[in-house]
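Enquirer:
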């Protein structure tokens, strides 16, 4: 099932996953993703010396930033109903103007189970169905 035009709330479904807008109470999952990041990830994408972003700051971001409902979707396992990361399209500024880039990040304990591939393929299929141009991929050093 696929619902949502680009720029509106999106809901994607695969055999094992539901990709959907984030809920405020799931900010703890985002915080866990931040704490797991490799030290080679750029500093602006890691917890800073003062502990920011906090869960409260991430909750506020989910409430106010449209990217959490239309761009970087929560990846929920259907069988257990737990959120394991995000996947979606972002304007990274790396590709041509108007070409979004695929982005995903999963909790480390969820790696090597095919979830990233499954979620990414759902997002790419959705993007193609709307005729969105896609830029080439880019891996952060800490993600390689």
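In the UniProt record's numbering, the protein residues as written are 1 to 144. Think of the CB as a built atom: it goes at the ideal place given N, C-alpha and C, for glycine as much as any other residue. All values derive from a computational prediction rather than experimental measurement.
1) Which same chain residues end up closer than 6 Å to residue 110 when comparing Cβ atoms and leaving out the 5 residues on each side of it in sequence?
2) Output the distance between the C-alpha atoms of residue 112 and residue 37, rounded to the nearest integer angstrom.
3) Pick helix, strand or coil for residue 81, following the three-state DSSP scheme.
4) So within the UniProt domain "N-acetyltransferase" (16-128), which uninterrupted beta strand (DSSP E) runs reach at least 3 residues, ignoring any that extend past its ends?
5) Would you identify the three-state DSSP class for residue 12, choosing helix, strand or coil?
6) Rounded to a whole number of angstroms, what is the C-alpha to C-alpha distance between residue 129 and residue 29?
7) By a C-beta neighbour count over all protein chains shown, 10 Å radius and 16 as the cutoff for buried, is residue 31 buried or exposed?
8) On the criterion of 16 or more Cβ atoms from any shown chain inside 10 Å, does residue 20 qualify as buried, or is it exposed?
9) Work out the CA separation of residue 127 and residue 26 for me, nearest whole Å.
10) Could you give the DSSP three-state label for residue 130: helix, strand or coil?
Expert: Looking at the atomic coordinates:
1) 84
2) 17 Å
3) coil
4) 17-20, 72-77, 83-90, 101-106
5) strand
6) 30 Å
7) buried
8) buried
9) 25 Å
10) coil
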